[in-house]
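So the number in my numbering is just where the residue sits in the sequence shown, counting from 1, plus 25. Here the structure is laid out as structure tokens; the discussion comes afterwards.
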Amino acid sequence: MTQTTKSLSFLDRFLPLWIAAAMAIGLILGKIAPSLVNWLAEAKIATISVPIAIGLLVMMYPPLAKVRYDKTGKILTSRKLMGITVFLNWILGPALMFILAWIFLSDSPELRTGVIIVGLARCIAMVLVWNDLSCGDTEVAAVLVAVNSLFQIFMFGALGWFYLQILPSWLGLETTSASFSFWAIALSVVVFLGIPLLAGAASRIIGERTRGRDWYENEYLPKISPLALAGLLYTIVLLFALQSQQILENPWTVAKVALPLVIYFLAMFAIALTSAKAAGMNYATSASIAFTAAGNNFELAIAVAIGTFGPLSQQALAGTIGPLIEVPVLVALVYVTRWLGPRLFPNDLSVPEKL
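Shown next, in the form of structure tokens:
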């Protein structure tokens, strides 16, 4: 694993300030330049938003370039790690979101469906940034993201059918008919994980073979690390600009959807972190498991909701509210994790020194 006992850089230390500024800039941009926002919204290839894709790819490249890929094989063979990950992401996560959606949105079927879809889309992008900031295990995070991606391709449609039709019918609740495109889901995984993963692996292989591991990790990686924050802030500006009208005109709807999402993110994180610790994982691995379990693939959730129910649907609105709530909550959890580290994991060498 790459060095984890480090303090946050100047840029990372004031991350909440930068993110708050990015949110504000996005809202202002959406208000004063609606024609630009409309142009950005229409810049798509298939179901993929090109402007957002650019931000996510830039954001994901540095964390994936840090991975020591020669260590990932051992991680994949850890039954305990894989078992915890699959349970948290593909059994507990969707089930918890289903329960919360029905508790808080029982009178809003469209919003409820959108929130359930968010719970089905497991995170394969921003989790790498949260993991990096919290000094989680880089290799573990990369493997967990790859595992989530494979499950996403083959399980998303089946789980959507189960949680929108089968389980509600068993419980005597209202059902929702929906069909999800296998190819749209596969395309999302290829673009948002495949491209930066190949770029990161190629950088590692070429850099080490031509200049050596010492140069690669001590000179090259520090130079590209700021790209992750730049890509994150750019993406946040776009998200808030694209949804500024919905946010400003529907504050009650945003608040209504936000409540189950906040509870979900906090509960999943707490359950994952304590489960990993109880299973004997160290701080770095536990942090990776926790952020992977708590995060969601907002781009996929939004694309699926728009493709299935339309861009102006309440389901799509619920999907777009997801990242607006997830980003500030998980940023806060980065600080919580680093504060809890020495308290929950005393004498653990993977605990970062200080904030």
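Where a beta carbon is used, it is the ideal one built from N, C-alpha and C, also for glycine. Treat the numbers as computed from the prediction; the structure is a model and nothing was measured.
What did DSSP end up calling residue i once you bin it into helix, strand or coil?
i           : result
residue 322 : coil
residue 73  : strand
residue 137 : helix
residue 363 : helix
residue 147 : strand
residue 29  : Since pLDDT at residue 29 reaches only 38, below the 50 mark, its modelled position is unreliable, and the value read off the structure follows with that caveat. Note: residue 29 maps to coil in three-state DSSP.
residue 374 : coil
residue 243 : helix
residue 95  : helix
residue 268 : coil
residue 274 : helix
residue 307 : coil
residue 204 : coil
residue 51  : helix
residue 385 : Coverage of the chain is limited to positions 26 through 380, which leaves residue 385 absent and any answer about it impossible.
residue 237 : coil
residue 335 : coil
residue 131 : coil
residue 294 : helix
residue 217 : helix
residue 123 : helix
residue 316 : helix
Could you check the C-alpha separation between residue i and residue j for me, to the nearest Å?
i           : j           : result
residue 115 : residue 123 : 12 Å
residue 206 : residue 233 : 40 Å
residue 149 : residue 195 : 31 Å
residue 164 : residue 268 : 34 Å
residue 248 : residue 201 : 49 Å
residue 343 : residue 137 : 8 Å
residue 130 : residue 142 : 14 Å
residue 257 : residue 305 : 32 Å
residue 42  : residue 246 : 24 Å
residue 278 : residue 61  : 25 Å
residue 354 : residue 289 : 11 Å
residue 171 : residue 216 : 13 Å
residue 28  : residue 111 : Here the model assigns residue 28 a pLDDT of 39, short of 50, so the residue's position is not dependable, and the following value carries that caveat. When rounded, the distance between both Cα atoms is 27 Å.
residue 301 : residue 351 : 22 Å
Grab the span of the alpha helix (DSSP H) containing residue i for me, first residue to last.
i           : result
residue 178 : 163–186
residue 102 : From DSSP, residue 102 is part of no alpha helix (DSSP H); its letter is neither H nor E.
residue 115 : That residue, residue 115, is in no alpha helix (DSSP H); it is neither H nor E in DSSP.
residue 189 : Neither: residue 189 is in no alpha helix (DSSP H) and is coded neither H nor E.
residue 67  : 59–67
residue 157 : 152–158
residue 250 : Taken as a continuous stretch (DSSP letters only), residue 250 belongs to no alpha helix (DSSP H), as it is neither H nor E.
Under a Cβ-count criterion, where at least 16 other Cβ atoms within 10 Å of its own Cβ denotes burial, should residue i be classed as buried or exposed?
i           : result
residue 156 : buried
residue 102 : exposed
residue 204 : exposed
residue 179 : exposed
residue 236 : exposed
residue 197 : exposed
residue 166 : buried
residue 348 : buried
Mind reading off the beta-carbon distance from residue i to residue j? Whole number of angstroms is fine, and I expect it under 8 Å.
i           : j           : result
residue 108 : residue 309 : That belief does not hold up - the Cβ atoms of residue 108 and residue 309 are roughly 19 Å apart, past 8 Å.
residue 82  : residue 220 : 6 Å
residue 286 : residue 140 : 7 Å
residue 329 : residue 209 : 7 Å
residue 228 : residue 90  : 5 Å
residue 324 : residue 250 : With a Cβ gap of about 23 Å, residue 324 and residue 250 do not count as contacting.
residue 266 : residue 54  : 4 Å
residue 134 : residue 199 : 6 Å
residue 385 : residue 361 : Since the first residue of the chain shown is 26 and the last is 380, residue 385 is not available in this structure.
residue 252 : residue 86  : 6 Å
Verify the contact flag: residue i, CB atom, against every heavy atom of the ligand MN, threshold strictly below 7 Å.
i          : result
residue 99 : Questions concerning the ligand MN fall outside what the structure shown contains, since it holds no ligand whatsoever.
Output yes if chain D places a C-beta closer than 8 Å to the C-beta of residue i; else output no.
i           : result
residue 323 : Chain labels in this structure do not include chain D; a single protein chain is all it has.
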